[in-house]
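Asks: If you count the sequence shown from 1, position 727 lands on 726 in numbering that gives the first Met the number 0, and the numbers rise without skipping.
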Amino acid sequence: MANFASVGRPIGHVEGPDKVCGRARYTADVALPGMLWGKCLRSPFPHARIISIDISRAKALPGVHAVITGADLPDRRIGRFFLDMPVLAQDVVRFVGEKVVAVAAESMEIAEEALTLIDVKYEELPAVFDAVEAMRGDAPRVHSDTSGYEHPPIPDFVHQGDDRLFPPIPNVVSQVQYRHGDIDAGFAQAVRVFEHMFNIPPVHQGYMEPHASVVRIAPDGKINIWISNKTPFVARAQFAAGIGVAEDRVCVNATPIGGDFGGKGSLMDSVVGYHLAAQSGRPVKMVMTYTEELMAGNPRHAATITLKTGVDAAGHITARKATLVFSCGAYGAFTPLHTVHGSVHAGGPYRIPNVEIEVFRTYTNTVPAGHMRAPGAPQVVFAVESHMDLIARELELDPLAFRLRNTLEEGDPAPLGEQWRMIRCKETLQAAAEGAGWGNEKPPNVGRGIGMYDREPGAFGPSSATLTLNADASLTLMTGAADTGTGSYTILQQIVAEEFQLPPDAVRVVQGDTDTASWEVGAGGSRLTHMAGQSTLLAVRELKDALIALAARKLGQAADAIQFQAGQCRTGDGQQLDLKALAAWTAEQGERPLSRVGNYVPDPVDVTSFCAQVAEVEVDADTGQVTLRKLTTAHDVGTILNPLTHQGQIEGGVAQGVGHALTEHLMIQDGAVTNLNLGEYKLPTVMDIPELKTVLVESQAGPAPYAGKAVGEHSNVAIPAAVANAVYDAVGVRLMDLPITAEKVYRGLKSGE
0 MANFASVGRP
10 IGHVEGPDKV
20 CGRARYTADV
30 ALPGMLWGKC
40 LRSPFPHARI
50 ISIDISRAKA
60 LPGVHAVITG
70 ADLPDRRIGR
80 FFLDMPVLAQ
90 DVVRFVGEKV
100 VAVAAESMEI
110 AEEALTLIDV
120 KYEELPAVFD
130 AVEAMRGDAP
140 RVHSDTSGYE
150 HPPIPDFVHQ
160 GDDRLFPPIP
170 NVVSQVQYRH
180 GDIDAGFAQA
190 VRVFEHMFNI
200 PPVHQGYMEP
210 HASVVRIAPD
220 GKINIWISNK
230 TPFVARAQFA
240 AGIGVAEDRV
250 CVNATPIGGD
260 FGGKGSLMDS
270 VVGYHLAAQS
280 GRPVKMVMTY
290 TEELMAGNPR
300 HAATITLKTG
310 VDAAGHITAR
320 KATLVFSCGA
330 YGAFTPLHTV
340 HGSVHAGGPY
350 RIPNVEIEVF
360 RTYTNTVPAG
370 HMRAPGAPQV
380 VFAVESHMDL
390 IARELELDPL
400 AFRLRNTLEE
410 GDPAPLGEQW
420 RMIRCKETLQ
430 AAAEGAGWGN
440 EKPPNVGRGI
450 GMYDREPGAF
460 GPSSATLTLN
470 ADASLTLMTG
480 AADTGTGSYT
490 ILQQIVAEEF
500 QLPPDAVRVV
510 QGDTDTASWE
520 VGAGGSRLTH
530 MAGQSTLLAV
540 RELKDALIAL
550 AARKLGQAAD
560 AIQFQAGQCR
570 TGDGQQLDLK
580 ALAAWTAEQG
590 ERPLSRVGNY
600 VPDPVDVTSF
610 CAQVAEVEVD
620 ADTGQVTLRK
630 LTTAHDVGTI
640 LNPLTHQGQI
650 EGGVAQGVGH
660 ALTEHLMIQD
670 GAVTNLNLGE
680 YKLPTVMDIP
690 ELKTVLVESQ
700 AGPAPYAGKA
710 VGEHSNVAIP
720 AAVANAVYDA
730 VGVRLMDLPI
740 TAEKVYRGLK
750 SGE
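1) CB His46 to CB Tyr362, shorter than 8 Å?
2) Given this structure, state the Cα-to-Cα distance separating Thr427 from Val606, to the nearest angstrom.
3) Does Asp71 come out as helix, strand or coil in the three-state DSSP assignment?
4) Would you list the one or two residues that DSSP bridges to Thr475?
5) Beta-carbon within less than 6 Å of Pro704's beta-carbon, same chain only, minus the 5 sequence neighbours each way: which residues are those?
6) So, are the CB atoms of Leu323 and Ala302 less than 8 Å apart?
7) Buried or exposed for Ile50, going by 16 or more other Cβ atoms inside 10 Å?
8) Which two residues bound the contiguous beta strand (DSSP E) that contains Asn223?
9) Should the stretch 280-290 be called in touch with the stretch 203-218, which here means at least 3 C-beta pairs below 8 Å?
10) Shortest alpha-carbon distance to Asp544 belongs to which of Leu581, Thr513, Val508 and Asp411?
11) Quick one: what does DSSP say Lys229 is sitting in, helix, strand or coil?
12) Based on the DSSP output, what are the partners of Leu82 in its beta bridges?
13) Short check: CB of Leu306 to CB of Ala321, under 8 Å?
14) For Ala654, collect the residues of the same chain with a Cβ closer than 7 Å to its Cβ; drop the 5 residues on either side in sequence, then sort them by chain order.
15) Do Ala234 and Glu246 have their beta-carbon atoms positioned less than 8 Å apart in this structure?
16) In chain order, what are the residue ranges of uninterrupted alpha helix (DSSP H) at least 4 long that sit wholly in the stretch 524-602?
17) In chain order, what are the residue ranges of uninterrupted alpha helix (DSSP H) at least 4 long that sit wholly in the stretch 419-445?
18) Taking the C-alpha atoms as reference points, what is the distance between Gln564 and Asp602?
19) Name the DSSP beta bridge partners of Cys610, please?
20) Look at Ser385 and Ala717 and say whether their C-beta atoms are less than 8 Å apart.
21) How about Phe197 and Phe381: are their beta carbons less than 8 Å apart?
22) Within its chain, find whatever has a CB closer than 8 Å to the CB of His634; leave out the 5 residues flanking it on each side and keep chain order.
23) Less than 8 Å between the beta carbons of Leu116 and Lys38, yes or no?
24) The beta strand (DSSP E) with Asp325 in it runs from where to where?
25) Give me the Cβ distance between Gly457 and Ser525, rounded to the nearest whole Å; I'm assuming they're in contact under 8 Å.
26) What are the start and end residues of the alpha helix (DSSP H) that includes Leu643?
27) Please tell me whether Met371 and Pro298 are closer than 8 Å, where the distance is taken between their beta carbons.
28) Starting from Tyr206 and walking both ways along the alpha helix (DSSP H), at which residues does that stretch end?
29) Using the three-state DSSP reduction, which class does Ile256 fall into: helix, strand or coil?
30) At a cut of 8 Å, does the stretch 127-136 reach the stretch 350-366 through at least three beta carbon pairs?
31) Whose C-beta lies closer than 8 Å to the C-beta of His158 among residues of the same chain, with five residues either side of it excluded?
32) Rounded C-beta distance between Val616 and Gly446? I'm assuming under 8 Å.
33) Measure the C-alpha to C-alpha separation of Gly375 and Leu549 and round it to an integer number of angstroms.
34) Would a C-beta distance cut-off of 8 Å place Phe513 and Phe325 closer than the cut-off?
35) Going by DSSP in three states, Asn198 sits in which element: helix, strand or coil?
36) Go ahead and label Gln378 buried or exposed: buried means 16 or more other beta carbons lie within 10 angstroms of its beta carbon, across all protein chains shown.
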């Protein structure tokens with residue numbers, strides 16, 4: 000990092016002081032004149048026909064300004080990809096927590112009281128809660144007819160194999176197949192074949208800020224919304240489609256995002272809020288409680304995963320067949336793709352010449368699922384890495400040695416045929432094992448387990464940024480992307496400061512609304528440092544060219560005689576103009592501040608990033624209690640643009656991985672979430688986090704500026720498998736489902752399994 004002035008420095012989050020001092024105004028903090036509070040009455044049944052709704056007493060309550068039901072709204076459905084969810088239930092409810100009636104009142108207390116005055120009569124219908132059972136011929140149908148549900152074309156960047164939307168299988172939303180090689184020939188080469196099934200329950204993202212939205216309709220028909228959504232431009236398009244207006248009538252205003260982890264990409268209550276605002280003629284705010292979040296948010300998909308793997312006499316994998324069944328819940332509306340894309344990792348980071356992966360996404364009468372950090376990958380990798388350990392044990396091989404025998408090396412095609420360059424899989428695994436002391440002696444009931452994962456940097460959708468030279472010679476970078484707490488604005492600040500050789504505090508990064516900022520996909524998919532970083536570099540180059548042209552005008556020189564160096568425009572004969580002089584001259588000429596836009600459309604990436612993790616646990620043989628003693632996380636990284644935020648992403652992911660492994664489980668009984676508060680839904684605390692050792696395997700191969708690589712969706716994925724494998728190593732109990740609780744381990748110890 001010696002060649003950099005700003006890049007590579009551990010600079011704190013630029014928006015951090017406003018957040019910790021309470022100056023940041025989140026969506027729930029927005030207050031508008033005449034604003035009402037909106038609340039929804041939700042279904043108590045997982046599947047029922049609505050017989051009647053009596054709202055008369057609620058409408059008569061003083062302070063209530065609007066009460067609406069599905070019958071009051073157009074027959075229009077909303078969603079991120081599948082438009083299959085009604086704004087309010089129409090005729091049928093399909094999960095406990097579905098919105099049935101909405102009210103707007105002068106206070107939250109009045110709105111909540113109004114809900115108690117609404118009388119809804121239901122006729123219960125048969126329901127199905129398990130995704131595999133939902134595919135059976137005699138299973139209740141969650142949706143009787145899906146033929147009218149709209150969806151966009153499948154994006155090219157996720158299309159592979161034979162993709163079918165709403166195939167002729169009961170309750171199946173999508174069926175996707177990925178193939179590489181000859182699966183039958185691969186199994187014919189095997190001397191042993193292993194098959195195992197794994198179950199992974201849903202978990203919640205656990206962001207601190209619940210979903211919130213504010214909607215105001217101006218007299219001229221302009222619709223302003225404030226929303227807890229990390230993709231404002233995408234949200235604008237979905238919102239406009241959801242209410243049936245042109246996008247230019249909608250402005251999504253910028254607000255901080257209080258945590259995302261994949262869950263802040265949905266419209267949630269905003270469309271309901273619009274209809275309440277339209278009926279009442281007043282702005283409407285809606286804020287979900289955490290009970291509503293757990294009941295009706297968009298948690299990670301539950302999954303049932305079956306893996307079948309063939310191995311030859313030398314211990315090399317010859318073939319793998321994977322069948323993945325994800326429960327999307329009652330609606331597919333909260334997922335932005337036609338499938339759960341993490342399914343592509345069913346081959347793992349291994350040399351497998353013949354692969355077949357079949358992925359089903361299935362309706363059930365449960366809370367609709369959405370995206371969560373590395374969508375689909377934690378479920379798949381728990382299965383893959385547990386499966387690898389099971390195979391190694393049955394072959395009487397050390398789990399590390401078995402993996403090293405099969406890891407990808409330079410020149411190997413990945414399981415689905417991807418051709419990566421600069422493959423650092425084996426090096427990363429070895430670094431993790433060395434850092435964890437893999438071969439060192441262990442006390443009784445202490446075990447070590449491995450988990451591995453790789454993920455390519457995000458490279459989808461266009462990105463743009465606008466860079467402006469201000470009158471005081473500072474620079475402002477405007478982006479349409481939200482910083483979800485990852486520190487992306489700090490990275491962009493450092494890039495601009497580096498390129499202009501300015502101190503970082505001379506650069507301000509702001510989020511524009513959808514009327515002022517250039518179009519930007521937004522945060523998600525490990526894309527922002529790569530994509531927004533590259534668009535920022537392009538904006539820098541455009542502005543530098545404009546500054547050179549400006550200096551040429553003032554100095555009477557040809558533009559090609561001027562160079563931009565160290566924050567100044569310089570000529571060969573020694574003349575120079577700094578940013579302050581150029582900004583002042585622009586003002587003297589009566590011109591607007593100089594501003595340029597950088598637009599970046601990516602090429603496909605040709606690198607991936609590997610992560611290998613080793614968990615060390617101690618198991619109490621009398622109670623089954625698992626204590627995570629130490630975790631070693633090794634990462635294949637590019638240039639680290641900010642060591643502080645980079646390590647912060649690793650540690651934040653580790654905390655989520657620990658929760659997924661040991662404590663978190665959105666418990667659903669008869670379709671209803673039963674742990675509806677954070678006292679019963681067990682997010683990990685600092686007391687649950689073990690000693691952490693981070694090992695970095697550095698290279699110069701990333702697609703982000705300065706050869707940076709993504710790290711945000713890596714450290715959370717393989718921890719559950721590493722912990723499960725460590726428990727087996729410690730006491731011989733193999734768990735095939737999550738979380739890894741004392742009760743399950745105790746039962747395994749007592750049964751001798």
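Note that CB positions come from ideal geometry on N, CA and C, so glycine has one too.
Fair warning: this is a prediction, and the values are worked out from it, not measured in the lab.
Replies: Answer, in terms of the structure:
1) no
2) 15 Å
3) helix
4) Thr467 and Arg507
5) Ile494, Gly532 and Leu536
6) yes
7) exposed
8) Ile222 to Ile226
9) yes
10) Leu581
11) coil
12) Glu149
13) yes
14) Pro683 and Ile688
15) no
16) 527-554 and 578-587
17) 424-435
18) 30 Å
19) Tyr452 and His634
20) no
21) yes
22) Thr427, Ser608, Phe609, Cys610, Ile649, Thr693, Val694, Leu695, Val696, Val710, His713 and Ser714
23) no
24) For clarity, residue 325 is Phe in the given sequence; the question names Asp instead. Segment Ile316 to Gly328, the beta strand (DSSP E) holding Phe325.
25) 4 Å
26) Pro642 to Leu661
27) yes
28) Here Tyr206 belongs to no alpha helix (DSSP H), and DSSP marks it neither H nor E.
29) coil
30) yes
31) With a pLDDT of 48 at His158, under the threshold of 50, the modelled position of that residue is not reliable, and the figure given next carries that caveat. Cβ neighbours of His158 beyond the five flanking positions: none.
32) 6 Å
33) 51 Å
34) Looking at the sequence provided, one finds Thr at residue 513 rather than Phe. In this structure, Phe325 does not lie closer than 8 Å to Thr513 by Cβ.
35) strand
36) buried
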